[in-house]
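Residue numbers (the working numbering): 497 to 639.
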């Protein structure tokens, strides 16, 4: 990758590749709160500087993990990321939405069993809440 990068433009491919692989590089929890903004030359002339955009509430956490992030990004891009700068602000890319859990329908016997188990509850609001909870638990597919 080091050899290929010398022939490619400095900014374009590296930042694009980094944005595509960001969640794989830093993990899903960090990818939700920060994202790569740009990659530039180091002021000292050796290596590059990665600028991360992160939400203000997570900036301290990102700062504490910046060395780990730098190492992972450096390995991913070929080994010359020397420093990380953190910019606070809203993320430009929204994190990918989690897939919705699949719901299945209750079988008639499951519905009857659930209804009979809540019949002894006298408070109607509580009975409805427990019934809704039971339906939610039984219809959530774990796969």
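Ideal Cβ placement from N, Cα and C applies to all residues, glycine included. The structure displayed is predicted, hence computed values, not measured ones.
#1: May I ask you to verify whether the segment 568-581 touches the segment 540-548, counting CB pairs closer than 8 Å and requiring at least 3?
#2: Taking its Cβ as the centre, do 16 or more other Cβ atoms sit within 10 Å of residue 548, making it buried, or is it exposed?
#3: Report the option in 604, 623, 619 whose CA atom is closest to the CA atom of residue 613.
#4: Whose CA, out of 518, 606, 611, 553, lies closest to the CA of residue 634?
#5: On the three-state DSSP scale, how would you describe residue 541?
#6: According to the Cβ coordinates, are residue 513 and residue 573 closer than 9 Å?
#7: Return the bridge partner residues of residue 548 from the DSSP annotation.
#8: DSSP has residue 635 in a bridge; who is on the other side?
#9: Which two residues bound the contiguous alpha helix (DSSP H) that contains residue 618?
#10: Buried or exposed: residue 583, going by 16 or more other Cβ atoms within 10 Å of its Cβ?
#11: What three-state label does DSSP hand residue 600 in the structure shown?
#12: In terms of alpha-carbon separation, which member of 636, 609, 570, 600 lies closest to residue 510?
#13: When you compare each of 575, 564, 550, 534 to residue 528 by their alpha carbons, which one comes out closest?
#14: At what residues does the alpha helix (DSSP H) containing residue 567 begin and finish?
#15: Looking at C-alpha atoms only, which residue of 628, 575, 620 is the closest neighbour of residue 602?
Reading off the structure:
#1: The segment 568-581 is in contact with the segment 540-548.
#2: The residue is buried, with at least 16 neighbouring Cβ atoms inside 10 Å.
#3: That would be 623, whose Cα lies nearest to the Cα of residue 613.
#4: The shortest C-alpha separation from residue 634 is found at 606.
#5: It is coil, neither helix nor strand.
#6: Yes. Within cutoff.
#7: Per the DSSP secondary-structure output, residue 548 pairs in a beta bridge with 532, 582.
#8: As DSSP reads the structure, residue 635 sits in no beta bridge.
#9: Looking at the DSSP string, residue 618 is not in any alpha helix (DSSP H), and its letter there is neither H nor E.
#10: Taking a 10 Å sphere around the C-beta of residue 583, we find fewer than 16 other C-beta atoms and assign the residue as exposed.
#11: The answer is coil: DSSP assigns residue 600 none of H, G, I, E or B.
#12: For residue 510, the closest C-alpha among the options 636, 609, 570, 600 is that of 570.
#13: Taking only the C-alpha atoms, the option nearest residue 528 is 550.
#14: Unbroken alpha helix (DSSP H) run through residue 567: 562-573.
#15: When each option's Cα is compared against that of residue 602, the closest is 628.
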